[in-house]
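The listed protein sequences correspond, in order, to chains A, B, C and D. Each step along the first sequence adds one to the number in my numbering, with nothing skipped, and position 240 is 598. Each step along the second sequence adds one to the number in my numbering, with nothing skipped, and position 143 is 501. Each step along the third sequence adds one to the number in my numbering, with nothing skipped, and position 16 is 374. Each step along the fourth sequence adds one to the number in my numbering, with nothing skipped, and position 236 is 594. Backbone N, C-alpha and C define an ideal beta-carbon position, used for all residues, glycine too.
Protein chains: 4
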Amino acid sequence: MKTYRILIDCHDEKGLVYKISKLFFEHNLNIEKNDEFVDKENNKFFMRSVVTGKIDKEALTKSLQEILPQGANVRVIIPRKKRIVLMATKESHALGDILMRHYDGELAADIVGVISNYDLLRPLVEKFGIAYYHVPHEGLERSEHEAKILEILESFGDIDYIVLAKYMRILTPGFVERYENRIINIHHSFLPAFIGANPYKQAYDRGVKIIGATAHFVNNNLDEGPIIAQDVIRVDHTYSWQKMRKAGRDVEKIVLARALQLALEDRIFVYANKTVLF
Amino acid sequence: MKTYRILIDCHDEKGLVYKISKLFFEHNLNIEKNDEFVDKENNKFFMRSVVTGKIDKEALTKSLQEILPQGANVRVIIPRKKRIVLMATKESHALGDILMRHYDGELAADIVGVISNYDLLRPLVEKFGIAYYHVPHEGLERSEHEAKILEILESFGDIDYIVLAKYMRILTPGFVERYENRIINIHHSFLPAFIGANPYKQAYDRGVKIIGATAHFVNNNLDEGPIIAQDVIRVDHTYSWQKMRKAGRDVEKIVLARALQLALEDRIFVYANKTVLF
Amino acid sequence: MKTYRILIDCHDEKGLVYKISKLFFEHNLNIEKNDEFVDKENNKFFMRSVVTGKIDKEALTKSLQEILPQGANVRVIIPRKKRIVLMATKESHALGDILMRHYDGELAADIVGVISNYDLLRPLVEKFGIAYYHVPHEGLERSEHEAKILEILESFGDIDYIVLAKYMRILTPGFVERYENRIINIHHSFLPAFIGANPYKQAYDRGVKIIGATAHFVNNNLDEGPIIAQDVIRVDHTYSWQKMRKAGRDVEKIVLARALQLALEDRIFVYANKTVLF
Amino acid sequence: MKTYRILIDCHDEKGLVYKISKLFFEHNLNIEKNDEFVDKENNKFFMRSVVTGKIDKEALTKSLQEILPQGANVRVIIPRKKRIVLMATKESHALGDILMRHYDGELAADIVGVISNYDLLRPLVEKFGIAYYHVPHEGLERSEHEAKILEILESFGDIDYIVLAKYMRILTPGFVERYENRIINIHHSFLPAFIGANPYKQAYDRGVKIIGATAHFVNNNLDEGPIIAQDVIRVDHTYSWQKMRKAGRDVEKIVLARALQLALEDRIFVYANKTVLF
């Protein structure tokens, strides 16, 4: 008896739940959990099922594709630890939080390595016995710097997600496309407010009463990728932007961890630059 | 073409989704929305479907019962305005908020009448052209007082829900049983904290930093019925209990309205003194 | 014995608290509540005191100005009901909530009248015995329309605040300047995200997981005035923009009421396009 | 030029702010920040000032006591790193979060050591170069176990706070009295709901829609000490109590850190089993 996570998205049409659940029934699979959503505007059907039973993964995928509308995406996933790479710059709160959760066994993930453009976080990362790769960017073109990072990433073999735990450099389109919907970033504002540099300073200048953080997949428009998770905290006139930044750390790390958790549990669909979360 | 809300709860067993969706398919019903939940601890299956098509309500109910495990509860509901009765005492915020939402057309409900043990709220209620019934409790045994209320309720014919919008008297077991899971109360605390009288005073005395409100179905244990909705607001040492009470009004009215909305949209299952909300 | 609210803002300098509290002491005033804030970036001092005693308002103002740095703003306020005017367009939830709070006696305010560019809200407003002024905008230049509104406003005599309870037209610079920091607007987004038209549609298109509302004083840049209050609610992929708009009503009305309450209690300082709230 | 935090609480009487600010002025102290609160119910005055200048700490304390009502508490504090001891049992999330914040330099504290009744957390603690003391409780009377802990605590010399980062044993009255208002505990519920063992199981059984965490000073009534900080998260019917416990970890660690931060910055007054926080 195995457990499978089955993620389906396709054009909506009548009878999809029936056809899919019939197939599960015929293959003697038991549905543990089922979530469905129909986006009527785009006429799109999403379904995530957790089923138990005995069947070959490829066979199940093929059977599903036969009964689904053309162009259907089917992912049959046998839960396993995902392989993730962390990238960071100088700040340790988001990175440290993930290291600690990993140490706790809270994440279904192996951290393959940590890549940074500074050497500052090495002592922290190495405490946890995780490989640290310092790739300085000084004196390099952006593409040269990324080429070095890509070389390291490729040396890792297959990886599932790259987590930007306050990695403060912009990635090139080439890099982003290579890992489409697999790079998770934490932006330190309640997007789409305060895109770009120093959002806490922007928030302070605007005099907002609430600040936030946004975890999103990275695409090629700065801070405009599909949003996975957001949260906020209250501030008031006594907050300098430095105090906002300090207070914001807690919400940044919690929101990033929440998004990562959703990714590790295969709960995210991406479409139309948005996410469907089950 | 009609829309039906179909609510099913029964013992869980393999193939339920398949059997139900097959039946929908055979009756040419289109699933607009589907929510399922399996409570593994109690081996219980819950499903709420919104379907469109043409079929007799009784026929559909019967067909469903034939394919479901024994003891299954099946509700096939054709959406219509529910008939609700409001009960209140002296405070107007929760009552007024419902009257305003009703006036706005935000509620799929007809307010059949408002019953109060005081005459204080009459002018407000009558502004909105709604019948007001003053049933004084002074000098009456609890059972005598309730008998008068019941008489009024019966004169209304069928009613769906009784909403206690800060009705500050305890109902007897007989009354409660008569309207099982159909009386919605708003309690002015974050239950189960501060059961009973003057929860704001209790909260003040305890020095809490957050206060809340809880909407629940009424059962025969004071403030212990199934919880439908809760929310909270922050307070600090500058709050007297009177200021807490004032601040609490907003969360009370919002939470009660949210619970009522869930009930009017047939989104609530009750079991094991809890609610499943879809 | 009277109660005074004393609001002071001026350049910061050593000894201000001492000088002010000395003056209160010498005039035999008892401090009930005292809030202070120093904005170090702008070297600005803010203080709001609630004092009780017997002294002439003008005399106290003069005494304070004598001991404070040049250019100090001093407001000595004897608490009284403020005179407010509401403006609305078609939606009733924010307007209705204020009408209900006013009816409850929750607001230290007299509603002088309601002005709208439609006649739709008249029945609601007149239920509460409040004068309704329908000023259609069709076929009029913006300035002509506003001239009619101004005429009505002037007929009211002194007014303290104009509350835009979902008034969906942009005011001209001339109008705004006339009532500087006295026009409170509710914007149906978490500003500065989604400035302009249909923010719920914008929020839906962007795929945010949280939506909000912002109450602010109106200045001459659309949706860019000093923020008074903000709050948020969670949404998910199942929310159409229409459902967001519906859910957003509750946060809009609560945030607007909170901002109005702060204004009525003289708790707001405005400077550098921000607010200091005590 | 030094910075002092001055915390005063005493019976309220007319002219306190004047007398205190006069004394600051005469000693040439500049007020950087001032917070005051009068509890009218108990006729009690609280003030926390941050001042800069040059004066002897003892002299300032003495001067203040001379002008204040009898029985006044005066604390003149020169900000320094506090010396704290952490106690834990088996769970690492709250402990790890404090270790990480300490590593980040976010806490104005030296962690003198970590004491646990298990040896489980030793590898984590020693990664950060902090001394770990394993004091098994098996086979010992509670008093014997605590005697061993007290011996270790005494060996540390002066300590400011003991932080119970999920230390799952009840302390005896003798222990608690020794460190009155200096032991900070995190309780994994929104107190006073769910006092005692396994609050997540209790919350699950009650069917609440919100769970929380509470940081409080420990007194001799289980989970009834003065509350410092609380926060909540939403749950729904899909949460088993184990899932609640997992979700609750984030709010536990954040709330504990917030309370510790308040303590380290000398922002807490305790009276009447409550806290005043500036």
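*the region 521-539 of chain A / the region 558-565 of chain A touching (three or more Cβ pairs under 8 angstroms)*: no
*So is residue 405/D in contact with chain A if we call contact Cβ pairs under 8 angstroms?*
Stepping through the fourth sequence from its first residue, residue 405/D is reached at position 47. Answer no: the Cβ-Cβ gap between residue 405/D and chain A never drops below 8 angstroms.
*asked:* Please classify residue 500/B as buried or exposed, where buried requires at least 16 other C-beta atoms within 10 Å of its C-beta.
replied: Indexing the second sequence from 1 puts residue 500/B at position 142. Residue 500/B is exposed by the Cβ-count criterion.
*Exposure label - residue 431/D; buried when at least 16 CB within 10 Å*: Taking the first residue of the fourth sequence as 1, we reach residue 431/D at position 73. Exposed, by the Cβ-count rule.
*Given that residue 380/C touches chain D, what residues does it touch there, using C-beta distances under 7 angstroms?*
Position 22 of the third sequence, counted from the start, is the residue given in the question as residue 380/C. Contacts between residue 380/C and chain D, judged by CB atoms closer than 7 angstroms, involve 376 and 380 in chain order.
*Who are the neighbours of residue 631/B on chain D, taking C-beta pairs under 9 angstroms?*
The residue labelled residue 631/B in the question sits at position 273 within the second sequence. Per Cβ cutoff of 9 angstroms: 563, 564 and 565.
*Comparing the C-beta of residue 458/A with each C-beta of chain D, is any distance below 8 angstroms?*
Numbered from its first residue, the first sequence carries residue 458/A at position 100. It does: the Cβ of residue 458/A has a partner Cβ on chain D nearer than 8 angstroms.
*asked:* Contact defined as beta carbons within less than 8 angstroms: I believe residue 587/A pairs with residue 617/A. What is the distance between those atoms, to the nearest angstrom?
replied: Numbered from its first residue, the first sequence carries residue 587/A at position 229. Numbered from its first residue, the first sequence carries residue 617/A at position 259. Residue 587/A to residue 617/A, Cβ: 4 angstroms. Contact.
*4 or more residues per run - each alpha helix (DSSP H) lying fully within the region 551-580 of chain C*: 557-564
*DSSP three-state call for residue 535/C: helix, strand or coil?*
Start at 1 with the first residue of the third sequence, and residue 535/C comes out as number 177. Looking at residue 535/C - three-state DSSP - the assignment turns out to be helix.
*Any residues in the region 466-488 of chain C with a beta carbon nearer than 8 angstroms to a beta carbon of chain B? Which ones, in chain order?*
482, 485 and 486
*Report yes if the CB atom of residue 448/B is closer than 8 angstroms to the CB atom of residue 467/B, and no otherwise.*
Looking up residue 448/B in the second sequence gives position 90. Looking up residue 467/B in the second sequence gives position 109. Going by C-beta atoms, residue 448/B is not nearer than 8 angstroms to residue 467/B.
*Mind checking the region 599-630 of chain A against chain D and listing, in chain order, the residues whose C-beta falls within less than 7 angstroms of any C-beta there?*
608 and 612
*With distances taken from CA atoms, which of 425/D, 474/D and 390/D is nearest residue 359/D?*
Here residue 359/D refers to the residue found at position 1 when the fourth sequence is read from its first residue. It is 390/D whose Cα lies nearest to the Cα of residue 359/D.
*At what residues does the alpha helix (DSSP H) containing residue 369/B begin and finish?*
Numbered from its first residue, the second sequence carries residue 369/B at position 11. It is not in any alpha helix (DSSP H) - residue 369/B instead sits in the beta strand (DSSP E) that spans 360-369.
*Could you list which residues in chain A have their beta carbon closer than 9 angstroms to that of residue 595/D, in chain order?*
Locating residue 595/D in the fourth sequence gives position 237, counting from the first residue. Those within 9 angstroms of residue 595/D in chain A number zero; the least Cβ separation is about 13 angstroms.
*asked:* The beta strand (DSSP E) that contains residue 635/A, what's its start and end?
replied: Mapped onto the first sequence, residue 635/A falls at position 277. Looking at the DSSP string, the run of the beta strand (DSSP E) that includes residue 635/A is 632-635.
*How many Å lie between residue 481/D and residue 453/D at the Cα?*
Taking the first residue of the fourth sequence as position 1, residue 481/D is located at position 123. Taking the first residue of the fourth sequence as position 1, residue 453/D is located at position 95. Looking at the two C-alpha atoms, the distance is approximately 12 angstroms.
*Check whether the Cβ of residue 635/B lies closer than 8 angstroms to any Cβ atom in chain D.*
Counting from 1 along the second sequence, the entry for residue 635/B is found at position 277. Among the residues facing chain D, residue 635/B is included, as its CB has a counterpart in that chain under 8 angstroms away.
*Measuring alpha carbon to alpha carbon, tell me which of 396/C, 376/C and 610/C ends up nearest residue 636/C.*
On the third sequence, position 278 is the one that residue 636/C refers to. Among 396/C, 376/C and 610/C, the Cα nearest to that of residue 636/C belongs to 396/C.
*Residues of the region 437-455 of chain D with a CB closer than 8 angstroms to any CB of chain A: list them in chain order, please.*
450, 451, 454 and 455
*Secondary structure at residue 451/A, three-state DSSP: helix, strand or coil?*
Numbered from its first residue, the first sequence carries residue 451/A at position 93. Here residue 451/A sits in helix by DSSP.
*Report all residues from its chain with a CB closer than 6 angstroms to the CB of residue 434/D; omit the five preceding and five following residues, and keep chain order.*
By one-based count along the fourth sequence, residue 434/D stands at place 76. If we look at residue 434/D and ignore the five residues flanking it on each side, its Cβ neighbours are 362, 364, 415, 418 and 419.
*Looking at the unbroken alpha helix (DSSP H) that takes in residue 376/B, where does it start and where does it end?*
Here residue 376/B refers to the residue found at position 18 of the second sequence. First-last of the alpha helix (DSSP H) with residue 376/B: 374-384.
*Closest Cβ-Cβ distance between residue 576/C and chain A: below 8 angstroms?*
On the third sequence, residue 576/C is found 218 positions in, with the first residue counted as 1. No, its Cβ sits nowhere closer than 8 angstroms to a Cβ of chain A.
_When 409/D, 581/D and 631/D are compared against residue 553/D, the one with the closest alpha-carbon_ = For the purposes of this step, residue 553/D is taken as the residue at position 195 of the fourth sequence. Nearest option by C-alpha distance: 581/D.
*Using a Cβ-Cβ cut-off of 7 angstroms (strictly less than) and excluding sequence neighbours within five positions of residue 507/C, which residues of its own chain qualify?*
Working through the third sequence from its first residue, we reach residue 507/C at position 149. Hits under 7 angstroms: 473 and 493.
_residue 550/A at chain C interface by Cβ criterion, 8 angstroms_ = Reading the first sequence from its first residue, position 192 is the one you call residue 550/A. Residue 550/A counts as touching chain C.
_DSSP-derived helix/strand/coil call for residue 589/C_ = Taking the first residue of the third sequence as 1, we reach residue 589/C at position 231. It is a strand residue.
*Does the region 625-635 of chain C come close enough to the region 380-394 of chain D that 3 or more CB-CB pairs lie under 8 angstroms?*
no
*Backbone CA spacing between residue 585/C and residue 575/C [nearest angstrom]*: Walking along the third sequence from the start, residue 585/C turns up at place 227. Walking along the third sequence from the start, residue 575/C turns up at place 217. Between residue 585/C and residue 575/C, the C-alpha separation is close to 7 angstroms.
*Proximity to residue 382/D [Cα-Cα], best of 533/D, 406/D and 520/D*: As a position in the fourth sequence, residue 382/D is number 24, starting the count at 1. Of the candidates 533/D, 406/D and 520/D, the one whose C-alpha sits nearest the C-alpha of residue 382/D is 406/D.
*CB residue 611/D to CB residue 370/D, shorter than 8 angstroms?*
Numbered from 1 along the fourth sequence, position 253 holds the residue referred to as residue 611/D. Numbered from 1 along the fourth sequence, position 12 holds the residue referred to as residue 370/D. Result no, Cβ atoms of residue 611/D and residue 370/D do not sit closer than 8 angstroms.
_Within-8 angstroms CB hit, residue 490/C to chain B_ = To locate residue 490/C, count along the third sequence from 1; it is residue 132. Residue 490/C does not count as touching chain B.
*Under 8 angstroms, do residue 593/C and residue 569/C count as touching if we go by C-beta distance?*
To locate residue 593/C, count along the third sequence from 1; it is residue 235. To locate residue 569/C, count along the third sequence from 1; it is residue 211. Yes. Within cutoff.
*Given that a residue counts as buried once 16 or more other Cβ atoms are within 10 Å of its Cβ, and exposed if not, what is residue 583/D?*
Residue 583/D sits at position 225 when you count from the first residue of the fourth sequence. When all chains shown are included, residue 583/D counts as buried.
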